[in-house]
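Q:
Residue numbers (our numbering): 1167 to 1556.
1) Please specify which runs of the beta strand (DSSP E), each continuous and at least 3 residues long, are wholly inside the region 1238 to 1280, giving them in chain order.
2) Looking at the secondary structure, which residues open and close the beta strand (DSSP E) in which residue 1292 lies?
3) Output the distance between the C-alpha atoms of residue 1540 and residue 1284, rounded to the nearest integer angstrom.
4) Counting beta carbon pairs with one atom in the region 1521 to 1531 and one in the region 1310 to 1322, are three or more of them shorter than 8 Å?
5) With a threshold of 16 other CB atoms inside 10 Å of the CB of residue 1330, please say whether the residue is buried or exposed.
6) Compare the beta carbon distance of residue 1269 and residue 1423 with 8 Å and say whether it is the shorter of the two.
7) Between the region 1515 to 1522 and the region 1283 to 1303, do three or more beta carbon pairs fall short of 8 Å?
8) What are the boundary residues of the beta strand (DSSP E) that residue 1435 is part of?
9) Of all the options 1497, 1177, 1551 and 1171, which has the alpha carbon lying nearest to the alpha carbon of residue 1333?
10) What ranges does the beta strand (DSSP E) occupy inside the region 1441 to 1480, keeping only unbroken runs of at least 3 residues that lie completely in it?
11) Buried or exposed: which applies to residue 1171, given that a residue is buried once 16 or more other Cβ atoms fall within 10 Å of its Cβ?
12) Does the distance from the CB of residue 1297 to the CB of residue 1504 come in under 8 Å?
13) Cα separation between residue 1185 and residue 1467?
14) Using only alpha-carbon positions, find the residue among 1169, 1189 and 1175 that is nearest to residue 1442.
15) Identify, in the order they occur along the chain, each residue of the same chain with its Cβ nearer than 8 Å to the Cβ of residue 1461, setting aside the five sequence neighbours on each side.
16) For residue 1216, report the span of its alpha helix (DSSP H) as first-last.
17) Taking just the CA atoms, how far does residue 1294 sit from residue 1277?
18) Can you find the residues in the same chain that come closer than 6 Å, C-beta to C-beta, to residue 1235, ignoring five residues on each side of it along the sequence?
19) If we ignore side chains and look at the alpha-carbon of each, how far apart do residue 1507 and residue 1548 end up?
20) Report the option in 1259, 1426 and 1415 whose CA atom is closest to the CA atom of residue 1218.
21) Within 10 angstroms of its Cβ, does residue 1510 collect 16 or more other Cβ (buried), or is it exposed?
22) Could you give the DSSP three-state label for residue 1190: helix, strand or coil?
23) Rounded to whole angstroms, what is the Cα-Cα separation between residue 1469 and residue 1286?
24) Taking the CB atoms as reference points, tell me whether residue 1437 and residue 1239 lie closer together than 8 Å.
25) Just tell me which of 1336, 1416 and 1492 has its CA closest to the CA of residue 1434.
26) In this structure, does DSSP put residue 1367 in helix, strand or coil?
27) Comparing C-alpha positions only, which one of 1174, 1495, 1516 and 1552 sits nearest to residue 1344?
28) Determine the closest residue to residue 1244 out of 1208, 1220, 1197 and 1512, with distance taken between C-alpha atoms.
29) Is DSSP giving residue 1396 helix, strand or coil here?
30) Considering just the uninterrupted stretch of the alpha helix (DSSP H) at residue 1488, what are its terminal residues?
31) Please go through the same chain and pick out, in chain order, the residues whose beta-carbon is closer than 6 Å to the beta-carbon of residue 1200, but skip the five residues on each side of it.
32) Which residues mark the beginning and the end of the alpha helix (DSSP H) in which residue 1421 is found?
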């Protein structure tokens, strides 16, 4: 406890809060769609949010504390999108069986050490290029949002530029405060009146096993989560010079998915976007003290889970443009640093560029996300460029 108090910093604490805010507000609607596709009623949807908040809170807090690094976990947003279009033909209890099955596959991948071994074969410039490609659209979202709400986003961007010069550690905090203040002022202070305050309740449903659903939905859920979430998540840690062992992290997310699946915890994984917010210099100049952001994110995830629909309603009152701009501004430094690391070495530059372009393109083959194909194309390019012709 004394170590935590000694390492505590406001910037890291705020980074954890911003990560949770962006994580919930940016994709909770997709989780609702997935739950509804599974046949969930309102009480079960609340149970999903509570289970996801509990699982993400526990894994963020305890893994960050154990490894003294910002280990940020999340629900699988691509997985939720997959479920929203795939669960309509099976019962809810069979959907729970799918979640448990995908969690078992993730746990086995972590225990075997296969994922860690594969990631060690990926050169750092390629990992940085892939991560920059994943985050690139969030940088663009600043200016896409500005087209819809020029005054709000303009104030947030100017706040960032000024505070970055004067108090760089607290730049994201000032941006958040400026955005909230502008939104509240524009709403005449009535924005909070529509937010209900209540605690939810868990709903436990035992899984049933449908072989065709396990193969047709469970395996794609596992693949999508691995390729679009865990690969970029590992890249975030490596690009920030954290050598945290990957296999135990993957194992714990798989185990958490299995345990909480009957409550609606459909898929836990390493975060990429929100992890980048907690891993850069904006969080704290000292990498050894950034784990506080992981502890902070864990606490806020717990609170979000306990509050259930109240927190979801609270997050939903913020304009989409504000959330998109906040995410993009918070990631500007990370995008720039990863582009620099990716292109710094002449021998890897072309392979890194291909990795970046393929990832940005969003290309998908066989339902596998572009982050995986970016790495694959980059490695192939690197291997070909290293062939010595006589």
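Using N, Cα and C, we set each Cβ at its ideal position, and we do this for glycine too.
A: Here's the rundown:
1) 1239 to 1241
2) Note, residue 1292: premise wrong, no beta strand (DSSP E); alpha helix (DSSP H) at 1290 to 1314.
3) 15 Å
4) no
5) buried
6) yes
7) yes
8) 1434 to 1436
9) 1177
10) none
11) exposed
12) yes
13) 10 Å
14) 1189
15) 1170, 1182, 1226, 1227, 1230 and 1231
16) 1208 to 1233
17) 26 Å
18) 1408, 1410 and 1457
19) 16 Å
20) 1426
21) exposed
22) helix
23) 36 Å
24) yes
25) 1416
26) coil
27) 1495
28) 1197
29) helix
30) 1486 to 1509
31) 1246, 1249 and 1250
32) 1412 to 1426
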